[in-house]
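Let me begin by presenting the structure, written as structure tokens, before commenting on it.
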Amino acid sequence: METWDAIRARRNVRSFADRAIPDAELDRILEAGRRAPSASNTQPWDFVLVTDKADLGELALVWRGAGHIAHSAATIVLVAPITDEPRRAGLIEYDLGQATLQMAVAAADLGIGSGHAAIGDQDLLRRLLDIPSDRRGAYLLALGYPADRPLAPLTKINRRPFKEVVHRGRW
1001 METWDAIRAR
1011 RNVRSFADRA
1021 IPDAELDRIL
1031 EAGRRAPSAS
1041 NTQPWDFVLV
1051 TDKADLGELA
1061 LVWRGAGHIA
1071 HSAATIVLVA
1081 PITDEPRRAG
1091 LIEYDLGQAT
1101 LQMAVAAADL
1111 GIGSGHAAIG
1121 DQDLLRRLLD
1131 IPSDRRGAYL
1141 LALGYPADRP
1151 LAPLTKINRR
1161 PFKEVVHRGR
1171 W
């Protein structure tokens, strides 16, 4: 798939077919995240790949809106350093967003759907994945082949109109 097609085909998928994702494709998605840009090239992330069904079921409990995690073929947990410095914290969140989207687009390019979720229960996450005490779980990115329909460039999108969003020169 061309990059533009992958961008247009990417959508939040929360219902997955019962089908494993080949390791080579998971590695490609993870490599896309690893290659994401970051402020001053700090690369403030670590990724924990979870594929075990029992572990995915427990991982789904770290956030009230993460039920889809239990039914994914794999989920990437994005882990970040803990900081009290506001500017650094903001840069980390921006960088994690870039890594997340880059992985989601790479997945779409392979016909793999993705659905993101937050993490609320850090204690449960630490127990499940042995996350070090100087790190926190930031986000989840569930992956799997869509159960409803294959990914394809969307023609009807639920987005604000282009002319409403884009301002040229000034507001």
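Quick note on numbering: the sequence shown equals residues 1001 to 1171 in the working numbering.
Just so it is clear, CB atoms sit at the ideal spot from N, CA and C, and this is done for glycine as well.
The structure displayed is predicted, hence computed values, not measured ones.
{"Query": "At least 3 beta-carbon pairs within less than 8 Å: the stretch 1072-1084 vs the stretch 1119-1139", "Result": "yes"}
{"Query": "Continuous alpha helix (DSSP H) assignments of at least 4 residues falling wholly in the stretch 1020-1068", "Result": "1023-1034, 1053-1059"}
{"Query": "Reference F1203, options A1089, R1034, I1112, A1017, closest by Cα", "Result": "Examination of residue 1203 is not possible in this model, given that the chain is present from 1001 through 1171 alone."}
{"Query": "Range of the contiguous beta strand (DSSP E) that encloses A1080", "Result": "1074-1081"}
{"Query": "Local Cβ density within 10 Å of T1155, reported as buried at 16 or more and exposed below that", "Result": "exposed"}
{"Query": "Residues near K1053 in its chain [Cβ-Cβ closer than 7 Å; skip 5 each side]", "Result": "none"}
{"Query": "Rounded separation between G1115 and R1010 - CA only", "Result": "10 Å"}
{"Query": "Helix, strand or coil at R1088 [DSSP, three-state]", "Result": "helix"}
{"Query": "Span of the alpha helix (DSSP H), counted from its first residue to its last, around A1142", "Result": "From DSSP, A1142 is part of no alpha helix (DSSP H) but of the beta strand (DSSP E) over 1135-1144."}
{"Query": "Burial state of T1042 (16 or more Cβ within 10 Å)", "Result": "exposed"}
{"Query": "Exposure of A1076, with buried meaning 16 or more beta-carbon neighbours within 10 Å", "Result": "The question names Ala, but residue 1076 is Ile in the sequence shown. Its Cβ being crowded by 16 or more others within 10 Å, I1076 is buried."}
{"Query": "Alpha carbon of H1068 to alpha carbon of R1014, nearest angstrom", "Result": "5 Å"}
{"Query": "Opening and closing residue of the alpha helix (DSSP H) in which A1017 lies", "Result": "Here A1017 belongs to no alpha helix (DSSP H), and DSSP marks it neither H nor E."}
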